[in-house]
Amino acid sequence: MSTETTANESFSDSPVLDPAATTLSQESISQEIADIHAAYRQSVVEGKKAETQPRIDFAPYRSSLLRHPTKNLRHVDPETIELHSPAFGQRDVHALESDLTIQHNGEPIGERIVVAGRVLDGDGRPVAGQLVEIWQANAAGRYIHKRDQHPAPIDPNFTGVGRAITGPNGEYSFTTIKPAPYPWKNHHNAWRPAHIHFSLFGTDFTQRMITQMYFPGDPLFSLDPIYQAIIDKEARDRLVASYDHSLTTHEWATGYNWDIVLTGSNRTWMEDEEGDH
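Residue numbers (the numbering used here): 3 to 279.
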């Protein structure tokens, strides 16, 4: 898994927003979010089904309007796709790839953390042998990517990518550095809450799913149109890891637990593969 490949998920060649969009205030974006959420709560009261996945069009997240297909989908031969896709197995993913703090000659800067959990199906059964990839910004909120040019320092000892294979009980674990919030161009003074991107594969590479994990108590949650694009509060809350003192290591790292549910009504939110940020 190359840095360029994974970083492109956050800085893909997506349609450029109208420059006027960045003149919108946080207050106006927050009001749009509040109005949509209020209408949703009223619809639930009236008996409509809860929305546990993000809306394709969520106006406060300006580029969401440009990120989904506008033409009919076409059927493809999955076997043909597999002929041109990479292969993976236990021997292809080294155990050390799950530690993002030892990939270079020196120690990365920032708060060392352990993120661990389980990958489960909709019935709570563990999903073993699942490829899990992560990528993230560094402790200053900067990605290693040419399109990330905001004035925060690059850490030469932190690339921000890792991968692991789930164990027999669906378990995974990563050692990394806690990422920082960073600015993005959705509106004026727009900042993304600190998060880690997760990518999961099913039985083949046509079943890729992408999501984001957040940290508890982030003050930017209420201001972020991407997080708030998940209308249902319980579904949003499932994206937030919990601090876990049993994962915390004496004088070494703090620990966070986050389970990923692939199917069912309590499934973890998954974003469009062409999404960013």
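Using N, Cα and C, we set each Cβ at its ideal position, and we do this for glycine too. Remember, it's a predicted structure, so these values are computed and weren't measured experimentally.
Check your understanding: What separation, rounded to the nearest whole angstrom, lies between the Cα atoms of L264 and V121?
Key -> Reading the sequence shown from its first residue, position 262 is the one you call residue 264. Reading the sequence shown from its first residue, position 119 is the one you call residue 121. Taking the straight line from one Cα to the other gives about 7 Å.
Exercise for review: Just grab the DSSP bridge partners of L122 for me.
Suggested key: Your numbering for residue 122 matches position 120 in the sequence shown. L122 pairs with P128 and V263.
Practice item. Please confirm whether L222 and Q28 have their CB atoms less than 8 Å apart. Key: Taking the first residue of the sequence shown as position 1, residue 222 is located at position 220. Taking the first residue of the sequence shown as position 1, residue 28 is located at position 26. Their beta carbons are not under 8 Å apart, which means L222 does not touch Q28 by this criterion.
Check your understanding: E236 lies in the beta strand (DSSP E); which residues open and close that run?
Key -> For the purposes of this step, residue 236 is identified with residue 234 of the sequence shown, where counting begins at 1. It is not in any beta strand (DSSP E) - E236 instead sits in the alpha helix (DSSP H) that spans K235 to D239.
Practice item. Would you mind giving the Cβ-Cβ distance between H197 and M211, rounded to the nearest angstrom? I have them listed as a contact below 8 Å. Key: Along the sequence shown, read from residue 1 onward, the residue named residue 197 stands at position 195. Along the sequence shown, read from residue 1 onward, the residue named residue 211 stands at position 209. Contact flag wrong, Cβ pair sits at about 16 Å.
Exercise for review: Classify A40 as helix, strand or coil using the three-state DSSP reduction.
Suggested key: What you label residue 40 is simply residue 38 of the sequence shown in a count that begins at 1. In the structure shown, A40 sits in a helix (DSSP, three-state: H, G or I).
Point to revise | Length of the line joining the Cα atoms of H106 and W186 | key: Position 104 of the sequence shown, counted from the first residue, corresponds to residue 106. Position 184 of the sequence shown, counted from the first residue, corresponds to residue 186. Cα to Cα, H106 sits roughly 28 Å from W186.
Point to revise | Touch test, the region 164-174 against the region 225-241, Cβ-Cβ under 8 Å, three pairs minimum | key: no
Check your understanding: Who are the near neighbours of T161 in its chain, counting only those whose CB is closer than 8 Å to its CB and skipping five residues on each side?
Key -> Mapped onto the sequence shown, residue 161 falls at position 159. So the list reads T5, L102, Q105, H106 and I146, once near-sequence residues are dropped.
Review point. Roughly how many whole angstroms lie between the Cα atoms of F13 and I179?
Key: The residue given as residue 13 occupies position 11 in the sequence shown. The residue given as residue 179 occupies position 177 in the sequence shown. Low local confidence applies: a pLDDT of 46 at F13 is under 50, so the model's placement there is unreliable, with the coordinate-based value given in what follows. When rounded, the distance between both Cα atoms is 20 Å.
Review point. Would the region 250-257 and the region 111-130 be scored as touching if the rule is three or more Cβ pairs under 8 Å?
Key: yes
Check your understanding: Can P218 be considered in contact with the ligand FMN, in the sense that its beta carbon sits closer than 7 Å to one or more heavy atoms?
Key -> Ligands are entirely absent from the displayed structure, and the ligand FMN is therefore not among its contents.
Point to revise | Spatial distance of T54 from F200 (CA atoms) | key: Taking the first residue of the sequence shown as 1, we reach residue 54 at position 52. Taking the first residue of the sequence shown as 1, we reach residue 200 at position 198. When rounded, the distance between both Cα atoms is 18 Å.
**Study point:** The beta strand (DSSP E) enclosing I58, as first and last residue numbers
**Key:** Numbered from 1 along the sequence shown, position 56 holds the residue referred to as residue 58. From DSSP, I58 is part of no beta strand (DSSP E); its letter is neither H nor E.
Exercise for review: Use the C-beta contact count for Q44: other C-beta atoms within 10 angstroms, 16 or more gives buried, fewer gives exposed.
Suggested key: Counting from 1 along the sequence shown, the entry for residue 44 is found at position 42. So Q44 ends up on the exposed side.
**Study point:** Enclosing beta strand (DSSP E) for P227 [first to last residue]
**Key:** Indexing the sequence shown from 1 puts residue 227 at position 225. P227 -> not in any beta strand (DSSP E); alpha helix (DSSP H) instead, spanning P227 to Q230.
Exercise for review: Tell me, please, which residues DSSP counts as bridged to G164.
Suggested key: In the sequence shown, the residue the question calls residue 164 occupies position 162. Paired residues: I136.
Review point. How about N188 and Y63: are their beta carbons less than 8 Å apart?
Key: Taking the sequence shown and counting its residues from 1, the one referred to as residue 188 is at position 186. Taking the sequence shown and counting its residues from 1, the one referred to as residue 63 is at position 61. Contact: yes.
**Study point:** Whether E109 touches N140 by CB criterion (8 Å)
**Key:** Here residue 109 is taken as the residue at index 107 of the sequence shown, counted from 1. Here residue 140 is taken as the residue at index 138 of the sequence shown, counted from 1. Contact: no.
Review point. Taking DSSP as the reference, what is the three-state secondary structure of E253?
Key: Position 251 of the sequence shown, counted from the start, is the residue given in the question as residue 253. Three-state result, E253: coil.
Review point. Taking the DSSP output, what are the residues bridged to S224?
Key: By 1-based counting over the sequence shown, the position of residue 224 is 222. Paired residues: none, contrary to the question.
Practice item. From the DSSP output, read off the bridge partner residues of D101. Key: Here residue 101 is taken as the residue at index 99 of the sequence shown, counted from 1. BP columns for D101 point to T177.
Check your understanding: Quick one: Cα of A97 to Cα of A243, how far?
Key -> One-based indexing of the sequence shown puts residue 97 at position 95. One-based indexing of the sequence shown puts residue 243 at position 241. Each residue's Cα considered, the two are about 23 Å apart.
Review point. What first and last residue would you give for the beta strand (DSSP E) that runs through S201?
Key: Start at 1 with the first residue of the sequence shown, and residue 201 comes out as number 199. H197 to L202 is the span of the beta strand (DSSP E), which, as asked, contains S201.
**Study point:** DSSP state of I35 mapped onto helix, strand, coil
**Key:** Taking the sequence shown and counting its residues from 1, one reaches residue 35 at position 33. Helix at I35.
Point to revise | Residue range of the unbroken beta strand (DSSP E) whose run includes R194 | key: As a working note, residue 194 is residue 192 in the sequence shown. Taken as a continuous stretch (DSSP letters only), the beta strand (DSSP E) holding R194 covers A192 to R194.
Review point. Which whole-angstrom value describes the C-beta separation of A182 and G143, a residue pair presumed to lie in contact below a C-beta threshold of 8 Å?
Key: Here residue 182 refers to the residue found at position 180 when the sequence shown is read from its first residue. Here residue 143 refers to the residue found at position 141 when the sequence shown is read from its first residue. The pair is a contact, with the Cβ atoms about 4 Å apart (cut-off 8 Å).
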